[in-house]
Amino acid sequence: MLMRLKNIAIALLFATALAGCNDTLDSVDLSHVKNKVEHPLPSRVVAEMKKKNMPRTSPIMVRIFKEEGILEVWKAKADNRFDVIASYQICAWSGKLGPKKKEGDRQAPEGFYNLTPAHLNPNSKYYLAINTGFPNRYDQANGHTGSNLMIHGACSSSGCYSMSDEQVLEIYAFARDAFKGGQTSVQLQAFPFRMTAENMARHRNSEHSDFWDMLKVGYDNFEVTKRPPDVAICDSKYVFNQQLSGSQQFGSGAAACPPMSTPPSLNVAMASHQKSYDLAYQKAVNKLDGMVWYEPTEAERKAIVADKRKGRDLAYAPTGSSLDAGKLMKQNEFEALVAKRSAPESKPAGTMLASTSSRPQTAAERMRQDRLPQQVETPAASPAEQTATADASTTTVPIPTQNPLAYAAPPVSEGENRKKPFWKFWGGE
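Residue numbering for the sequence shown follows our numbering, beginning at 1 and increasing consecutively.
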């Protein structure tokens, strides 16, 4: 009897470990999938969509977090807000934290990308694939090069985000159904990590901090509105949810930004969010005083999941999480570790930089140092608006009556009329 109970306990422990390891997927026997392009979403996902009041073909958005090794699918509910419907552990991503800049650097992209039906590849040699759209207009304006950077199966990456075949089968189905529902452009948001105050403080000395500060504006816009932000490129930078006056238009990605402003209701909500963030950021900086985050190499990430490769094809190459392989170190210990390394490629690039005293400490101070295009100040909120939004927990962002991302065309080239941006659905504009 005792042995039987022991065996049951072991079985339950094993089942729990598997449940925590492999996201939300049911067991899928790919050999029984007759048509991978039209394979339906599993019943558990359909049931969850019904529970969350999500129409089956409503728009989706994809979010990627490199450091955590997570890909999320967000889907529009009937109230036009987005909620997460699925989360997957990324099987493999190459390089380190930071944007892709040139062909062959093995970096996976970071930024905001538009995925259209043309980006779906049903005939990929990596089971199924979705092209990320790199390089976008931001990348082009900054001279970044590279091609064929995908979200695909096979768990093998050289600049891509690679999933298991079972995972990409599901992700592909989400995109396919959304396109069938009329969505023409799915927003992909690729971040180095979740841009919380704690994570931004932990990576505050990175060589990529300016770039990440810029991405965080879009990240925060989504956190506040729970709707994919309207993204534009000007002055070789991203700008989010900006309205233009009269017949003004955004030009090429490298062109100077036209006069623009944030819609007043969104401006108030963002200011409240920023106030709470700055307090949390300063608290995190104080807590991390004298500490440095050691970003692991790709080899170190692979080492912690080496057992996953056993019995598989050599091409199967999971890379593991940066959070699991990295660690916080005292400044002097970190400097001693770096000093021992003579080969430049073995150094934890992006971590050994100037001390925190040389950089502004709050996000508000950092944003004021010309890291983003100059934006025209919006009129101050009325006393009624200020009262209604005095606290972040009570801030209410207006809900549009129509989801513009559902039927909006992808960004158009210079000189063409842009789609009606989401904030014009908020009020009388």
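Every residue gets a Cβ at the ideal spot worked out from N, C-alpha and C, and that includes glycine. Bear in mind the structure is a predicted one, so any value in this text is a computation, not a measurement.
- Task: Please report how far the alpha carbon of Lys420 lies from the alpha carbon of Met54, in whole angstroms.
- Result: Looking up residue 420 in the sequence shown gives position 420. Looking up residue 54 in the sequence shown gives position 54. The predicted position of Lys420 is uncertain, since its pLDDT is 45 and thus under 50; a value taken from the coordinates is nonetheless stated next. About 24 Å.
- Could you name the residues of the same chain whose beta carbon sits closer than 8 Å to that of Phe174, not counting the 5 residues immediately before and after it, in chain order? Along the sequence shown, one-based indexing puts residue 174 at 174. Leu41, Ile60, Val73, Lys75, Ile85 and Ala86.
- Item | Beta-carbon proximity list for Ala339, same chain, < 7 Å, skipping 5 on both sides | Along the sequence shown, read from residue 1 onward, the residue named residue 339 stands at position 339. No residues qualify anywhere along the chain.
- Item | Beta-carbon separation (whole angstroms), Lys66 vs Phe193, contact threshold 8 Å | One-based indexing of the sequence shown puts residue 66 at position 66. One-based indexing of the sequence shown puts residue 193 at position 193. Right, the Cβ-Cβ distance comes to about 7 Å (below 8 Å), so this counts as a contact.
- Does the pairing of the stretch 286 to 302 with the stretch 208 to 215 give three or more beta-carbon distances under 8 Å? Result no; under three Cβ-Cβ pairs closer than 8 Å.
- beta strand (DSSP E) segment containing Val73, residue limits: As a working mapping, residue 73 is identified with position 73 in the sequence shown. Counting along the chain, the beta strand (DSSP E) containing Val73 begins and ends at Ile70 to Ala76.
- Message: For a test of the three-state rule: what should DSSP assign to Asn205, helix, strand or coil?
- Response: Translated into positions along the sequence shown, residue 205 becomes position 205. Coil at Asn205, not helix or strand.
- Message: Three Cβ pairs or more, each shorter than 8 Å: is that satisfied between the stretch 114 to 123 and the stretch 323 to 333?
- Response: The stretch 114 to 123 and the stretch 323 to 333 do not touch, with fewer than 3 CB-CB distances between them shorter than 8 Å.
- Straight-line CA distance for Leu128 to Val168? Counting from 1 along the sequence shown, the entry for residue 128 is found at position 128. Counting from 1 along the sequence shown, the entry for residue 168 is found at position 168. Whole-angstrom Cα-Cα distance: 6 Å.
- Query: Which stretch, first to last residue, makes up the alpha helix (DSSP H) that contains Ile171?
  - Reply: Here residue 171 is taken as the residue at index 171 of the sequence shown, counted from 1. Per DSSP, the continuous alpha helix (DSSP H) segment holding Ile171 begins and ends at Asp165 to Lys180.
- Message: Quick check: what's the CA-CA separation for Asp220 versus Lys308?
- Response: Taking the sequence shown and counting its residues from 1, the one referred to as residue 220 is at position 220. Taking the sequence shown and counting its residues from 1, the one referred to as residue 308 is at position 308. Whole-angstrom Cα-Cα distance: 36 Å.
- Message: Rounded to whole angstroms, what is the Cα-Cα separation between Val397 and Ile64?
- Response: Here residue 397 corresponds to residue number 397 of the sequence shown, with the count starting at 1. Here residue 64 corresponds to residue number 64 of the sequence shown, with the count starting at 1. Caution applies to Val397, whose pLDDT of 48 falls short of 50 and renders its modelled position unreliable; the value that the coordinates give is listed next. If you take the alpha carbons of Val397 and Ile64, they lie about 25 Å apart.
- Message: Give me the DSSP bridge partner(s) of Phe65.
- Response: Position 65 of the sequence shown, counted from the start, is the residue given in the question as residue 65. BP columns for Phe65 point to Ile70 and Phe191.
- Task: Drop a sphere of 10 angstroms on the beta-carbon of His32, count the other beta-carbons inside from all chains shown, and report buried for 16 or more, exposed for fewer.
- Result: For this step, residue 32 is matched to residue 32 along the sequence shown. So His32 counts as exposed.
- Rounded C-alpha distance that separates Pro228 from Arg341: As a position in the sequence shown, residue 228 is number 228, starting the count at 1. As a position in the sequence shown, residue 341 is number 341, starting the count at 1. If I take the Cα positions, the gap works out to 43 Å.
- Message: Suppose the cutoff is 7 Å on Cβ atoms and the five residues either side in sequence are ignored; what does the same chain contact list for Lys226 look like?
- Response: The residue labelled residue 226 in the question sits at position 226 within the sequence shown. Take Lys226, set aside five residues on each side of it, and the residues of its chain with a beta-carbon closer than 7 Å to its own are Arg81 and Phe82, in chain order.
- Task: Give the DSSP bridge partners of Trp93, in chain order.
- Result: The residue labelled residue 93 in the question sits at position 93 within the sequence shown. Its beta-bridge partners are Tyr161.
- Message: Quick check on Ala178: buried or exposed, where buried means 16 or more other Cβ atoms within 10 Å of its Cβ?
- Response: As a working note, residue 178 is residue 178 in the sequence shown. Counting the other Cβ atoms within 10 Å of the Cβ of Ala178 gives 16 or more, which makes it buried.
- Task: Please name the residue, chosen from Ala92, Thr262 and Ser276, that lies closest to Ser162 on a Cα-to-Cα basis.
- Result: By 1-based counting over the sequence shown, the position of residue 162 is 162. When each option's Cα is compared against that of Ser162, the closest is Ala92.
- Spatial neighbours of Pro122 within its chain, please: CB distance less than 6 Å, with the 5 preceding and 5 following residues excluded, ordered by chain position. Residue numbering aside, residue 122 sits at position 122 when the sequence shown is read from its first letter. The beta carbon of Pro122 lies closer than 6 Å to those of Val37 in the same chain, with the five residues before and after it left out.
- Query: Taking the Cβ atom as the reference point for each residue, do Tyr316 and Ser147 lie within a distance shorter than 8 Å?
  - Reply: Numbered from 1 along the sequence shown, position 316 holds the residue referred to as residue 316. Numbered from 1 along the sequence shown, position 147 holds the residue referred to as residue 147. No, these two residues do not count as a Cβ contact at 8 Å.
- Item | CA-to-CA distance, Lys51 to Gln243, given in whole angstroms | Locating residue 243 in the sequence shown gives position 243, counting from the first residue. Locating residue 51 in the sequence shown gives position 51, counting from the first residue. So the alpha carbons of these two residues sit roughly 35 Å apart.
- Proximity below 8 Å, CB of His273 to CB of Val239: Counting from 1 along the sequence shown, the entry for residue 273 is found at position 273. Counting from 1 along the sequence shown, the entry for residue 239 is found at position 239. The answer is no: Cβ separation not under 8 Å.
- Straight-line gap, Ala78 to His152 (C-alpha atoms, nearest Å): The residue you call residue 78 lines up with position 78 of the sequence shown. The residue you call residue 152 lines up with position 152 of the sequence shown. Each residue's alpha carbon lies about 30 Å from the other.
- Shortest alpha-carbon distance to Ala254 belongs to which of Val62, Gly143 and Gly98? Within the sequence shown, numbered from 1, the residue matching residue 254 stands at position 254. Here the closest residue by C-alpha is Gly143.
- Query: Quick one: Cα of Ser265 to Cα of Ala271, how far?
  - Reply: Within the sequence shown, residue 265 is the residue found at index 265, counting from 1. Within the sequence shown, residue 271 is the residue found at index 271, counting from 1. Note on geometry: alpha-carbon atoms of Ser265 and Ala271 lie some 10 Å from one another.
- Task: Identify whether Ala129 lies in helix, strand or coil by the three-state DSSP scheme.
- Result: The residue given as residue 129 occupies position 129 in the sequence shown. It is a strand residue.
- Message: Ignoring anything shorter than 3 residues, give me the beta strand (DSSP E) runs that lie fully in the stretch 259 to 319, in order along the chain.
- Response: Whole beta strand (DSSP E) segments, 3+ residues: 291 to 294.
- Separation of Cys234 from Asp23, as counted between CA atoms: Residue 23 sits at position 23 when you count from the first residue of the sequence shown. Residue 234 sits at position 234 when you count from the first residue of the sequence shown. Because Asp23 sits at a pLDDT of 43, beneath the cut-off of 50, its placement in the model cannot be relied upon, and the point is left open.
- Would you call the CB atoms of Ala284 and Ala141 closer than 8 Å? On the sequence shown, position 284 is the one that residue 284 refers to. On the sequence shown, position 141 is the one that residue 141 refers to. Result no, Cβ atoms of Ala284 and Ala141 do not sit closer than 8 Å.
- Message: Please report whether the beta-carbon of Val217 lies at a distance below 8 Å from any beta-carbon of chain C.
- Response: No chain C appears in the structure shown, which is made up of a single protein chain.
- Query: Taking Cβ to Cβ, would you say Met200 is nearer than 8 Å to Tyr281?
  - Reply: Mapped onto the sequence shown, residue 200 falls at position 200. Mapped onto the sequence shown, residue 281 falls at position 281. At the C-beta level, Met200 and Tyr281 come within 8 Å of one another.
- Query: Should Ser58 and Gly181 be called a contact, given that it needs their Cβ atoms to be closer than 8 Å?
  - Reply: For the purposes of this step, residue 58 is identified with residue 58 of the sequence shown, where counting begins at 1. For the purposes of this step, residue 181 is identified with residue 181 of the sequence shown, where counting begins at 1. Yes, the Cβ-Cβ distance between Ser58 and Gly181 is below 8 Å.
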